[in-house]
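Chemist: For the sequence shown, the working numbering gives the first residue as 932, with consecutive numbering after it.
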Amino acid sequence: MAIDYNLFYFSSAPRTGSTWGIKAFHAVGLGAGFKAHVHKVHTKREFEICLSFVRHPCDWLASYYAALHGGMTGVQEVDVLNFPAIDFDEFIRNYLKNCPGAVGRAFKAYNASCHIKIEDTPWAVVTFLESMGVPKKMRNNCLGLNPQNISKHLPRWSPHLYAQVQESEKELVDEYNY
């Protein structure tokens, strides 16, 4: 079950800025969200607005590897990436061999009617909140929030593997203009 903010539902894959989103929505007076629910895949119902964040697939894979690799998230579409690897390059080669396109499939699994690229925060969130009727003086409360749960030591990309991931996630890259 996604987080219900009365105006919209919010659920998002891990490592997409969802903790920041919860803090931003609380800062504008929409109530506290329970982080335990944010990664649950939303079952879309007619006429509901469900917001989800997305992230560049290469940035997401690097963040996933640095922060979550070797751990289960409880989200089937994300946990498909939990396979053994001795280093980041091997992890990416395993991804390319076993589940290319998995990042886009994981993001789509959330059945969101509205996506925000985490790279476009906070302004895209402010615009979304405006469309939901949140008063400007409240919307602006999220502008000063700092990023949350930043991976301090992201692995370095081999240019060749980076290009292969871009190609394997072509649908996601094209849809969100990455």
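Beta carbons are placed, not taken as given, at the ideal position from N, Cα and C, and that holds for glycine. If you're wondering where the values come from, they're calculated on a predicted model, not measured in any experiment.
Using only the alpha-carbon positions, how far apart do L1060 and C1073 sit?
Modeler: By one-based count along the sequence shown, residue 1060 stands at place 129. By one-based count along the sequence shown, residue 1073 stands at place 142. One C-alpha to the other measures close to 10 angstroms.
Chemist: Using DSSP's beta-bridge definition, name the partner residues of H1046.
Modeler: Locating residue 1046 in the sequence shown gives position 115, where the first residue counts as 1. Bridge partners of H1046: S983.
Chemist: Is the Cβ-Cβ distance between I1049 and F956 less than 7 angstroms?
Modeler: In the sequence shown, residue 1049 corresponds to position 118, counting from 1. In the sequence shown, residue 956 corresponds to position 25, counting from 1. No, they are not a contact pair.
Chemist: With a 10 Å radius around its C-beta and 16 neighbouring C-beta atoms as the bar for buried, classify A963 as buried or exposed.
Modeler: One-based indexing of the sequence shown puts residue 963 at position 32. Under this definition A963 is an exposed residue.
Chemist: Which runs of the alpha helix (DSSP H) at least 4 residues long sit entirely within the stretch 1036-1083? Give them in chain order.
Modeler: Here the runs fully enclosed are 1054-1062, 1067-1070.
Chemist: Is it true that the CB of V1034 sits closer than 7 angstroms to the CB of E1098?
Modeler: Position 167 of the sequence shown, counted from the start, is the residue given in the question as residue 1098. Position 103 of the sequence shown, counted from the start, is the residue given in the question as residue 1034. No. Outside cutoff.
Chemist: In the DSSP assignment, find the alpha helix (DSSP H) that holds H1091 and state where it starts and stops.
Modeler: Working through the sequence shown from its first residue, we reach residue 1091 at position 160. Membership of H1091 in the alpha helix (DSSP H) is indicated by the continuous run 1090-1099.
Chemist: Within 10 Å of its beta-carbon, does T974 have 16 or more other beta-carbons around it, so buried, or fewer, so exposed?
Modeler: Counted from its first residue, the sequence shown places residue 974 at position 43. With fewer than 16 Cβ atoms within 10 Å of its Cβ, T974 is classed as exposed.
Chemist: So who's on the other strand from Y940, going by DSSP bridges?
Modeler: Sequence index remark: in the sequence shown, residue 940 carries index 9 (1-based). DSSP output for Y940 lists D935, C981 as bridge partner(s).
Chemist: Just tell me which of F1022, T1058, L938 has its CA closest to the CA of A993.
Modeler: Residue 993 sits at position 62 when you count from the first residue of the sequence shown. Distance check between A993 and each of F1022, T1058, L938 places F1022 closest, using alpha-carbon atoms only.
Chemist: Inspect the beta-carbon positions of V959 and I934 and report whether they are closer than 7 angstroms.
Modeler: Taking the first residue of the sequence shown as position 1, residue 959 is located at position 28. Taking the first residue of the sequence shown as position 1, residue 934 is located at position 3. Taking 7 angstroms as the Cβ cut-off, V959 and I934 do not qualify as a contacting pair.
Chemist: Quick one: grab the DSSP three-state call for T947.
Modeler: Within the sequence shown, numbered from 1, the residue matching residue 947 stands at position 16. The answer is coil: DSSP assigns T947 none of H, G, I, E or B.
Chemist: DSSP three-state call for N1013: helix, strand or coil?
Modeler: Numbered from 1 along the sequence shown, position 82 holds the residue referred to as residue 1013. Looking at N1013 - three-state DSSP - the assignment turns out to be coil, as it is neither helix nor strand.
Chemist: Measuring only the C-alpha atoms, how far is K1028 from L1012?
Modeler: Within the sequence shown, residue 1028 is the residue found at index 97, counting from 1. Within the sequence shown, residue 1012 is the residue found at index 81, counting from 1. The straight-line gap from Cα to Cα measures roughly 11 angstroms.
Chemist: If you draw a straight line from the C-alpha of H987 to the C-alpha of M1069, how long is it?
Modeler: Here residue 987 refers to the residue found at position 56 of the sequence shown. Here residue 1069 refers to the residue found at position 138 of the sequence shown. Put simply, the backbone Cα of H987 is about 29 angstroms away from that of M1069.
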